[in-house]
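A short worksheet on the structure shown next.
Residue numbers (full-length UniProt numbering): 1 to 410.
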């Protein structure tokens with residue numbers, strides 16, 4: 001999941017990105033009057049991304065706008081901050097609350113801590129989608145925002161965005177859709193004929209969207225886009241300072257200075273790949289995803305979580321310790337994400353996996369048989385840690401362990 005492009009084509013792609021980055025590595029779009037080319041690059045990246053997500057449709061209002069950020073987390077942080085301030089102006093809400101399904105990204109927890117917002121995390125339904133009825137029960141006079149994902153990071157399943165949009169409209173609250181994984185796949189999967197439900201600004205009620213260009217957009221790491229339905233909402237993202245002795249100051253994102261080289265690299269990546277390139281990439285990875293699902297279903301000790309809509313395939317086991325299987329896969333060079341509730345692991349299919357799907361399935365079958373014959377942790381494996389953490393009733397203790405681990409890392 002760490003690299004979204006592979007094979008012989010990656011060398012040429014990276015050379016284009018690196019050349020663009022080198023040419024503009026000295027630039028900073030905070031100074032718009034000085035680095036006008038980078039400002040234009042950002043505008044074009046935002047416009048091209050928005051066009052994939054409904055900006056050209058009349059029903060979307062013709063005002064979709066946004067900015068580039070450092071990644072999906074910052075995009076989500078800004079969308080939450082903008083929603084909070086917008087709803088304060090619109091409804092006078094001073095004790096904001098937001099409601100998210102438990103499958104939503106942890107960036108919302110970070111946003112809640114940063115911006116002093118009460119967070120309600122609601123269980124998903126039996127299909128591992130956002131439970132619209134459950135979310136409805138949590139909405140009150142202080143609700144500023146509800147959330148959907150397309151798809152969700154854990155299981156690769158698209159939330160019912162249309163129903164969430166109707167809910168947001170009926171209660172007059174904001175709706176953010178996390179498209180960090182799906183933004184550069186779902187529009188093309190739909191063109192290829194896959195049954196993709198509505199997920200973008202074509203859904204009335206969606207007020208903001210986050211999209212990572214550095215994932216399936218194949219741009220350099222550190223490039224994402226946050227989009228808004230209109231300028232009225234986006235203006236709440238900005239920070240303007242008028243009383244500083246250093247002069248007048250305004251900044252669109254969390255960072256003040258931003259690396260213009262990354263913006264140029266993202267622009268170059270999108271121009272190099274193009275619509276046809278993204279379409280072909282999507283065809284390849286969607287086919288591999290379906291092949292993986294078929295292969296995993298053929299392994300009797302495993303089961304797939306829900307019905308994956310895209311390129312993330314999560315699976316668990318009722319018979320074996322899935323984390324021991326994960327350790328076996330790691331020993332064979334496959335590094336998968338460990339999940340909880342239920343205990344499972346997932347693979348995010350990228351272009352790197354296209355030529356090696358059968359190798360993956362072979363190693364997975366062998367790993368399952370190894371654990372079946374010799375259950376128990378392997379030296380250096382993480383299965384005992386994940387297993388113990390999942391069984392600890394005191395989640396505060398688990399949180400302390402995570403903080404101490406991070407504190408010791410540098």
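Quick reminder that beta carbons are idealized off the backbone N, C-alpha and C, glycines included.
9 Å Cβ cutoff met for residue i and residue j
i, j, result
"residue 315", "residue 323", "no"
"residue 292", "residue 357", "yes"
"residue 150", "residue 182", "yes"
"residue 147", "residue 104", "yes"
"residue 123", "residue 101", "yes"
"residue 37", "residue 253", "no"
"residue 129", "residue 157", "yes"
"residue 26", "residue 261", "yes"
"residue 306", "residue 155", "yes"
"residue 178", "residue 72", "yes"
"residue 217", "residue 49", "yes"
First and last residue of the uninterrupted beta strand (DSSP E) at residue i
i, result
"residue 226", "224–228"
"residue 241", "239–241"
"residue 145", "143–149"
"residue 249", "249–251"
"residue 66", "65–69"
"residue 122", "118–122"
Inter-residue spacing [alpha-carbon to alpha-carbon] between residue i and residue j
i, j, result
"residue 106", "residue 94", "23 Å"
"residue 1", "residue 209", "Bear in mind that the predicted position of residue 1 carries a pLDDT of just 39, short of 50, making it unreliable; the figure below should be weighed with that in mind. Roughly 22 Å between the two C-alpha positions."
"residue 108", "residue 266", "25 Å"
"residue 174", "residue 232", "13 Å"
"residue 465", "residue 211", "The question about residue 465 has no answer, for the chain in this structure spans 1 to 410."
"residue 365", "residue 299", "7 Å"
"residue 21", "residue 220", "9 Å"
"residue 13", "residue 355", "18 Å"
"residue 301", "residue 325", "11 Å"
"residue 403", "residue 317", "30 Å"
"residue 309", "residue 196", "7 Å"
"residue 320", "residue 375", "8 Å"
"residue 131", "residue 161", "11 Å"
"residue 17", "residue 213", "13 Å"
"residue 234", "residue 201", "15 Å"
"residue 378", "residue 78", "42 Å"
"residue 368", "residue 289", "20 Å"
"residue 133", "residue 57", "29 Å"
"residue 264", "residue 272", "12 Å"
"residue 76", "residue 110", "9 Å"
"residue 139", "residue 327", "41 Å"
"residue 63", "residue 400", "44 Å"
"residue 283", "residue 171", "39 Å"
Limits of the unbroken alpha helix (DSSP H) element including residue i
i, result
"residue 101", "Premise fails: residue 101 lies in the beta strand (DSSP E), 97–101, not in any alpha helix (DSSP H)."
"residue 278", "260–297"
"residue 53", "Looking at the DSSP string, residue 53 is not in any alpha helix (DSSP H), and its letter there is neither H nor E."
"residue 399", "395–407"
"residue 30", "Counting along the chain, residue 30 falls outside any alpha helix (DSSP H), and DSSP gives it neither H nor E."
Presumed contact (8 Å Cβ cut-off) between residue i and residue j, rounded CB distance
i, j, result
"residue 239", "residue 66", "The pair is not a contact, with the Cβ atoms about 16 Å apart (cut-off 8 Å)."
"residue 83", "residue 145", "4 Å"
"residue 346", "residue 296", "The Cβ separation is near 11 Å, so there is no contact."
"residue 206", "residue 229", "7 Å"
C-beta neighbour in chain C for residue i, strict 9 Å
i, result
"residue 83", "Protein chains in the displayed structure number just one, and chain C is not present."
Next on the checklist: Extract the residue ranges of the alpha helix (DSSP H) inside the segment 159–241, only unbroken runs of 4 or more that lie entirely within it.
Outcome noted: Counting only unbroken stretches of 4 or more residues, the alpha helix (DSSP H) elements lying wholly within the segment 159–241 are 161–171, 186–191, 231–234, in sequence order.
Next on the checklist: Please give the ranges of any beta strand (DSSP E) in the segment 297–357, keeping only runs that are unbroken, at least 3 residues long and fully inside the region.
Outcome noted: Secondary structure within the segment 297–357: the beta strand (DSSP E) runs of 3 or more consecutive residues, fully enclosed, are 312–316, 337–339, 344–348 (chain order).
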